[in-house]
Amino acid sequence: MEKKNEITGQFVERMQRSIESGSFIKLTLSKPGGKDKDFKNVYARLIDLKGEEVLSFTLHYTTRDEVKNHPIAEALAMVGLWLGADFLNGDLFTLEEDVSIQFSKKRKARLFSRAASLREQPSKKHNRQKQYLIEPENNPYLYAMGIASAQGKILAAGQAKYRQINKYIEIIDSLLQQHPLRKNPHIVDMGSGKGYLTFALYDHLANGLGLLPTITGIELRQKLVDFCNELAKEAGYSELSFLAKDIHDFQPERIDMLIALHACDIATDIAIAKGVQSGAEIIIVAPCCHKQVRKQMACHTGMQAILRHGILEERQAELITDGIRSLLMEANGYQTKVFEFISTEHTAKNLMIVGTKGKKNEEAVEQVETIKKDYGIEYHYLERLLQG
49 MEKKNEITGQ FVERMQRSIE SGSFIKLTLS KPGGKDKDFK NVYARLIDLK
99 GEEVLSFTLH YTTRDEVKNH PIAEALAMVG LWLGADFLNG DLFTLEEDVS
149 IQFSKKRKAR LFSRAASLRE QPSKKHNRQK QYLIEPENNP YLYAMGIASA
199 QGKILAAGQA KYRQINKYIE IIDSLLQQHP LRKNPHIVDM GSGKGYLTFA
249 LYDHLANGLG LLPTITGIEL RQKLVDFCNE LAKEAGYSEL SFLAKDIHDF
299 QPERIDMLIA LHACDIATDI AIAKGVQSGA EIIIVAPCCH KQVRKQMACH
349 TGMQAILRHG ILEERQAELI TDGIRSLLME ANGYQTKVFE FISTEHTAKN
399 LMIVGTKGKK NEEAVEQVET IKKDYGIEYH YLERLLQG
């Protein structure tokens with residue numbers, strides 16, 4: 049414990065020196081390790097508030113962000129308390145060097161530094177508006193899609209879509225902090241639609257995280273594919289392309305991340321199977337239109353009295369369909385999370401299923417069989433795809 053506190057103290061001291069010398073750029077705390085599983089990461093920057101220099105923290109939670117401003121001494125103390133407790137990684141960016149602290153699961157600390165990766169400091173101007181990962185200024189795709197003006201101002205009609213895009217990127221950003229991809233990942237977006245999220249993801253990975261991504265959008269509608277390909281050229285996104293294909297016919301050589309946010313009914317299962325069979329590190333789907341399982345349902349439990357109501361049967365079918373999807377992904381070596389997500393294509397709230405490469409859940413297949421028996425389900429389409 050003393051060693052941990054000593055190394056944490058060294059990290060905080062170097063942060064303090066960078067602030068005093070004027071070289072501080074930003075601080076990020078990531079890899080959650082505390083009891084609050086919704087507390088995802090922290091971003092800190094210097095701002096001028098009422099004539100005083102303070103540290104502004106943006107605390108990212110699963111469903112919300114909080115901005116808190118603290119005097120320097122108080123802020124440094126908070127960083128020291130968070131490190132090794134709530135967060136296992138800390139990254140300090142300065143004009144002179146980058147400094148990182150990492151903790152093992154046993155809370156053994158390691159401190160190291162490397163050459164400075166950033167050259168400019170952010171503005172210290174206090175801005176009460178939310179800080180977004182996707183900036184509207186000099187952003188050709190937001191302008192072309194009618195979200196921002198030519199001057200980089202978000203239009204009134206584009207406000208909701210802009211917030212939704214940024215929420216999506218926040219989810220991806222948090223996910224990649226815990227499950228980093230290779231430097232040059234191949235990402236496939238199945239059912240990319242108008243490309244709002246696809247363009248934003250390429251922008252964030254390439255310009256925000258410094259990766260060299262190749263992103264392929266799959267979309268049946270040729271007009272949308274042509275529009276997106278032309279826009280990708282105009283934006284200078286050389287490794288972003290769109291294909292007019294049925295997702296069933298798409299056979300990629302390698303997928304590092306698979307995304308399917310608007311795939312209807314069994315199209316979601318096709319997308320998941322493509323991801324599993326290609327060994328994707330991350331699979332992200334937001335299913336809709338759960339028809340395949342509902343048609344088979346004949347409940348053999350006490351739930352039958354409730355499910356005689358059509359709307360309740362429909363909702364139960366959604367839960368069972370997505371629950372089985374999650375279990376089948378776990379049976380094939382993915383750790384899964386299921387949570388609520390607001391799509392840009394629909395006003396309704398969808399469930400999002402995220403799978404990351406991990407250990408197989410040996411009990412998952414048996415659990416699926418029990419659920420199928422209880423609800424009179426002969427098969428789930430994803431089962432057949434994964435077996436075939």
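Here the sequence shown is numbered in our numbering, starting from 49 and rising by one per residue.
Here a beta-carbon is modelled for each residue, glycine too, at the ideal position from N, C-alpha and C.
Shown here, Asn-255 sits in a helix according to DSSP, grouped into three states. The beta carbons of Ser-222 and Thr-142 sit no closer together than 8 Å.
In the three-state DSSP reduction, Ala-311 falls in the coil class, being neither helix nor strand. DSSP places Asn-89 in the uninterrupted beta strand (DSSP E) bounded by 87 to 97. Ile-307 is positioned such that its CB atom lies no closer than 8 Å to that of Leu-288. For Arg-158, DSSP records a beta bridge to Gln-150. DSSP places Val-127 in the uninterrupted alpha helix (DSSP H) bounded by 120 to 130. In the structure shown, the three-state DSSP call for Phe-298 is coil.
The DSSP-derived three-state label of Ser-104 is strand. If you draw a straight line from the Cα of Met-345 to the Cα of Val-102, it comes to about 59 Å. Residue environment analysis places Asn-409 among the buried positions, since at least 16 neighbouring C-beta atoms fall within 10 angstroms of its C-beta. Counting the other CB atoms within 10 Å of its CB gives Ile-354 a total below 16, which places it among the exposed residues. Beyond the five residues adjoining it in sequence on each side, Glu-362 comes within less than 6 Å, by CB distance, of no other residue in the same chain. In the DSSP annotation of this structure, the continuous segment of the alpha helix (DSSP H) that includes Leu-376 starts and ends at 358 to 379. Residue environment for Ser-197: exposed (fewer than 16 other C-beta atoms within 10 angstroms of its C-beta). Taking all protein chains shown into account, Tyr-427 has fewer than 16 neighbouring C-beta atoms within 10 Å of its C-beta and is therefore exposed.
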